[in-house]
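Student:
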Amino acid sequence: MNRSVIISCAVTGSGNTTGISPFVPVTPKQIADDALAAHAAGAAVVHIHVRHPETGAPSRDVALYREVVERIRLASSSVILNLTTGIGARFSPDETDPNRNSAPGMALPEDRISHVLELKPEICSLDVATMNFGGHAFVNTPDHIARIAQAVRSASVRPELEVFDLGHIALAKSLYAKGLFVDPPYFQLCLGVPWGAPATTESMLAMRAMLPANANWSAFGVAAQHFPTVAMAVVNGGHVRVGLEDNLYMAKGVLAEGNAPMVARAVRIVREIGADIASPAEARKILGLG
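Under the working numbering, residue 294 is the last one in the sequence shown; the count climbs by one each step, no gaps.
(1) Using only CA atoms, which one of 33, 60, 110 and 106 lies nearest to residue 78?
(2) Write down the C-beta distance between residue 12 and residue 49 rounded to the nearest angstrom, noting that I regard them as a contact closer than 8 angstroms.
(3) Indicate the three-state DSSP secondary structure (helix, strand or coil) for residue 140 in the structure shown.
(4) Excluding sequence positions up to five away, which residues of its chain have a Cβ less than 8 angstroms from the Cβ of residue 160?
(5) Taking residue 165 as the reference, give the member of 194, 181, 147 and 137 with the closest Cα.
(6) Which parts of the region 127 to 189 are runs of the alpha helix (DSSP H), unbroken and 4 residues or longer, counting only runs that do not cross its ends?
(7) Would you mind stating whether residue 168 and residue 201 have Cβ atoms separated by less than 9 angstroms?
(8) What residues are listed by DSSP as bridge partners for residue 225?
(9) Going by alpha carbons, who is nearest to residue 92 out of 143, 135, 151 and 83?
(10) Excluding five sequence neighbours on each side, which residues of the same chain lie with their C-beta closer than 6 angstroms to the C-beta of residue 46?
(11) If I follow the unbroken alpha helix (DSSP H) through residue 266, where does it start and stop?
(12) With residue 236 as the anchor, note down where its beta strand (DSSP E) starts and where it stops.
(13) Can you tell me where the beta strand (DSSP E) holding residue 119 begins and where it ends?
(14) Tell me which same chain residues have a C-beta within less than 6 angstroms of the C-beta of residue 134, skipping the five on either side of it?
(15) Comparing alpha-carbon positions, which option in 155, 109 and 239 lies nearest residue 221?
(16) Please classify residue 120 as buried or exposed, where buried requires at least 16 neighbouring CB atoms within 10 angstroms.
(17) Give the DSSP bridge partners of residue 93, in chain order.
(18) Measure the alpha-carbon distance for residue 242 versus residue 192 and round it to whole angstroms.
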């Protein structure tokens with residue numbers, strides 16, 4: 005195959021997973037340590053959320069992000085940091101007043117990126133999606149997406165465009181045509197998330213066919229399709245993402261004991277197919293960072 009594949013690791017996410025697996029990192033030290041272990045196992049990029057240390061609930065606390073980032077940067081000058089901007093888009097209509105949000109979670113774009121503007125990672129996620137997301141709605145309006153895109157571009161942070169269905173790619177391409185994203189754009193195909201595109205070969209190929217010709221892309225599949233999606237992405241020319249944000253298990257009923265074992269399995273899959281593992285330096289060159 006003669007190409008290098010970037011492995012990203014989504015270290016903890018914001019889902020209600022801490023009650024299912026004791027291996028999901030919660031505190032800044034745990035998150036940083038697990039990110040570094042994933043990097044040592046072969047991940048060039050680590051995708052970071054933070055959680056309230058006492059409850060495990062998702063957080064946008066800049067101090068928590070700062071501690072995680074400082075710990076990682078102190079230990080490694082090579083790993084590529086990717087901070088989320090996804091927290092702040094959840095909407096669940098109140099039963100008595102549908103104009104009210106019954107689940108706290110909506111925030112202005114400027115509040116969703118304050119940690120990115122302060123800490124300046126090389127990459128941040130940018131959800132180009134309004135959709136049903138499990139039992140609630142995930143709301144990202146074109147105006148909010150544009151405001152985030154403009155702000156992070158001014159800070160020289162590359163957005164990783166999270167797309168969960170074909171319409172999201174169409175919107176991202178429209179924004180790209182208006183000059184909001186630098187070349188080459190970087191897409192993450194998010195597969196198997198209820199209720200987005202399923203984690204199938206057909207979905208992946210349809211989404212890949214819609215991407216701009218010069219785009220870089222990566223993909224992940226959730227739950228049981230986690231590792232099969234690694235293989236599908238490599239075979240079809242993409243990069244890959246694994247991690248406890250997207251899947252808790254190495255096999256049916258067998259919890260992953262941290263992110264490093266998941267990255268190590270992804271490394272084996274990539275190499276068995278005949279590709280190489282991109283180092284952080286190679287990943288920077290591929291993505292046009294720096």
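Quick reminder that beta carbons are idealized off the backbone N, C-alpha and C, glycines included. A quick note: this is a predicted structure, and the numbers were derived from the prediction, not measured.
Tutor: Reading off the structure:
(1) Taking the first residue of the sequence shown as 1, we reach residue 78 at position 74. Out of 33, 60, 110 and 106, 33 has the C-alpha closest to the C-alpha of residue 78.
(2) Here residue 12 refers to the residue found at position 8 when the sequence shown is read from its first residue. Here residue 49 refers to the residue found at position 45 when the sequence shown is read from its first residue. With a Cβ gap of about 4 angstroms, residue 12 and residue 49 count as contacting.
(3) Along the sequence shown, read from residue 1 onward, the residue named residue 140 stands at position 136. Strand.
(4) Against the sequence shown, residue 160 aligns to sequence position 156. Excluding positions up to five away in sequence, the list reads 124.
(5) Start at 1 with the first residue of the sequence shown, and residue 165 comes out as number 161. Here the closest residue by C-alpha is 194.
(6) 146 to 158 and 170 to 181
(7) On the sequence shown, position 164 is the one that residue 168 refers to. On the sequence shown, position 197 is the one that residue 201 refers to. Going by C-beta atoms, residue 168 is nearer than 9 angstroms to residue 201.
(8) Walking along the sequence shown from the start, residue 225 turns up at place 221. For residue 225, which the question treats as bridged, DSSP gives the partners 195.
(9) For this step, residue 92 is matched to residue 88 along the sequence shown. Of the candidates 143, 135, 151 and 83, the one whose C-alpha sits nearest the C-alpha of residue 92 is 143.
(10) Indexing the sequence shown from 1 puts residue 46 at position 42. Excluding residues within five positions, the ones whose Cβ falls inside 6 angstroms are 11, 267, 271 and 281.
(11) Walking along the sequence shown from the start, residue 266 turns up at place 262. Note, residue 266: alpha helix (DSSP H), 264 to 277.
(12) Stepping through the sequence shown from its first residue, residue 236 is reached at position 232. According to the DSSP assignment, residue 236 belongs to no beta strand (DSSP E) but to the alpha helix (DSSP H) extending over 230 to 239.
(13) For this step, residue 119 is matched to residue 115 along the sequence shown. From DSSP, residue 119 is part of no beta strand (DSSP E) but of the alpha helix (DSSP H) over 118 to 123.
(14) Against the sequence shown, residue 134 aligns to sequence position 130. Same-chain partners within the cutoff: 143 and 144.
(15) For this step, residue 221 is matched to residue 217 along the sequence shown. Comparing Cα positions, the closest option is 239.
(16) As a working mapping, residue 120 is identified with position 116 in the sequence shown. So residue 120 ends up on the buried side.
(17) On the sequence shown, residue 93 is found 89 positions in, with the first residue counted as 1. 110, per the DSSP bridge assignment.
(18) Translated into positions along the sequence shown, residue 242 becomes position 238. Translated into positions along the sequence shown, residue 192 becomes position 188. If you take the alpha carbons of residue 242 and residue 192, they lie about 10 angstroms apart.
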